[in-house]
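The numbering of the sequence shown is the numbering used here, which starts it at 12 and goes up by one. Virtual Cβ for every residue (Gly too), placed ideally from N, Cα, C.
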Amino acid sequence: MQSYKGSEVLEIGYLLKKNFWHYGYAREAAGGCKKYAFEHLDRDKVYSIIKADNFASMRVAESIGMKKEDEFITQYYNGDMLHFLYSVRR
Numbered sequence: 012m013q014s015y016k017g018s019e020v021l022e023i024g025y026l027l028k029k030n031f032w033h034y035g036y037a038r039e040a041a042g043g044c045k046k047y048a049f050e051h052l053d054r055d056k057v058y059s060i061i062k063a064d065n066f067a068s069m070r071v072a073e074s075i076g077m078k079k080e081d082e083f084i085t086q087y088y089n090g091d092m093l094h095f096l097y098s099v100r101r
């Protein structure tokens, strides 16, 4: 669960060490999480919160059918940063 504008959303997230980038692992993990959320958690919608400069994560989100739904500013380490909310429905 991740905070978004005062509520909690079920987020698909992943973090890989740089030496594992560009092998399709993020897409595979995100797709598996989406499938699990829909089939086992019986959710109708899942989200990803992505920093505005993280183009690779945007491509991963879009590759599993997510669309950008919103833009918002949130705290990231020591300052405010633009983030995008992506989502996909069952």
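Note down the Cα distance separating residue i from residue j, rounded to an integer number of angstroms.
i      : j      : result
Val-99 : Tyr-88 : 27 Å
Glu-73 : Gln-86 : 24 Å
Leu-93 : His-51 : 32 Å
Gly-24 : Ser-59 : 6 Å
Arg-38 : Lys-16 : 26 Å
Arg-70 : Gly-90 : 25 Å
Lys-46 : Tyr-36 : 15 Å
Name the DSSP beta bridge partners of residue i, please?
i      : result
Glu-22 : Tyr-58
Ser-68 : Paired residues: none, contrary to the question.
Lys-98 : According to the sequence shown, residue 98 is Ser rather than Lys. Its beta-bridge partners are Tyr-58 and Lys-78.
Measuring CB to CB, does residue i end up less than 8 Å from residue j?
i       : j      : result
Val-57  : Leu-26 : no
Arg-101 : Phe-49 : yes
Check the C-beta distance from residue i over to residue j and give it rounded, since I have them as a contact under 8 Å.
i      : j      : result
Tyr-97 : Glu-82 : Not a contact, Cβ separation roughly 11 Å.
Ile-61 : Ser-68 : 5 Å
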